[in-house]
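Following this note's numbering, the numbering of the sequence shown begins with 5 at its first residue and continues without gaps.
Note that the Cβ used here is the ideal one computed from N, Cα and C, for glycine as well.
Quantities reported herein were computed from a predicted structural model and do not represent experimental measurements.
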Amino acid sequence: MLETEASKCLQVKNVYKHKSFYDLVKNRKSIRSYKEDLIDAETLDRIIEAGLHAPSGKNEQNWRFIVLSGQKKEDYLQFSQKAWLKQKDILKDKLKPSLYKFTERFFYTLGGAPVVVLCYSASNSNFVEFTNVGSVFMAMQNIMLSATIEGLGSCSMGAPLIFKNEIDKFIGKEYFEEEEKKSLELVGTIVLGWPGHNPPKGERKKDFRVRKISS
Numbered sequence: 005m006l007e008t009e010a011s012k013c014l015q016v017k018n019v020y021k022h023k024s025f026y027d028l029v030k031n032r033k034s035i036r037s038y039k040e041d042l043i044d045a046e047t048l049d050r051i052i053e054a055g056l057h058a059p060s061g062k063n064e065q066n067w068r069f070i071v072l073s074g075q076k077k078e079d080y081l082q083f084s085q086k087a088w089l090k091q092k093d094i095l096k097d098k099l100k101p102s103l104y105k106f107t108e109r110f111f112y113t114l115g116g117a118p119v120v121v122l123c124y125s126a127s128n129s130n131f132v133e134f135t136n137v138g139s140v141f142m143a144m145q146n147i148m149l150s151a152t153i154e155g156l157g158s159c160s161m162g163a164p165l166i167f168k169n170e171i172d173k174f175i176g177k178e179y180f181e182e183e184e185k186k187s188l189e190l191v192g193t194i195v196l197g198w199p200g201h202n203p204p205k206g207e208r209k210k211d212f213r214v215r216k217i218s219s
């Protein structure tokens, strides 16, 4: 009898844990305005380490993270600003005027976020490229979910990748070890900081997103 009751309690606890995880996934959203507060080193390390626990093709763990803060982060803004200039005309036709101005400010300042994480793939030529890149994207998701549970906000960005060769020079990639230098490719970026706003999460689109085939 006691074993049965204990088993039931354990099941309830597990359901709660699972529910908490699903709530975390559903509550994560992109933040584009941040407070001036810095992220303490221990919290930042925990978040980045979460990325290291992602799955990867053949367990290669091919992700490489370059964490920018302080003046280096400020200097990095040049790339997001140039990325805005590349796509501002396209977005002008898609966004309402107020949202367009907000998006422009974000690209110019990254919302005042104190940290930018550059996410690289150390590509393995024996793998299909999608495997290399997909592994890094899974690590990025771990980082963003961990940021959410810490009370931080995040926003993934792909637009600055237009200038990935310039960003490579910016971080001094040419001075990395020879093998590492050859294989590294920038595949994504993450902005991190304490949320300065609480925007609604975009509605999830479900039509044609999932198909179930059993025969």
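- The C-beta distance from V29 to A117 rounds to 22 Å, too long to meet the 8 Å contact threshold.
- For F110, the enclosing alpha helix (DSSP H) starts and ends at P101 to T113.
- One thing to note: R36 has its Cβ no nearer than 8 Å to the Cβ of C123.
- Between S127 and S218, the C-beta spacing is not below 8 Å.
- Taken in chain order, the unbroken stretches of beta strand (DSSP E) that lie wholly in the region 45-74 and span 3 residues or more are 67-72.
- In the structure shown, V195 falls within a strand segment according to DSSP collapsed to helix, strand and coil.
- With respect to the C-alpha of R50, the residue from G192, M148 and F174 having the closest C-alpha is M148.
- Annotated as distal: V121 and Y80, with beta-carbon spacing of 8 Å or more.
- With respect to the 8 Å criterion, S102 and N66 are not classified as neighbours on the basis of their beta carbons.
- Assigned with DSSP and collapsed to three states, E154 falls in coil, not helix or strand.
- Under the DSSP assignment, S125 falls in the beta strand (DSSP E) whose first and last residues are V119 to A126.
- Taking 8 Å as the cut-off, the beta carbon of F111 is found closer than this to the beta carbon of W88.
- DSSP places L190 in the strand class (E or B) of the three-state scheme.
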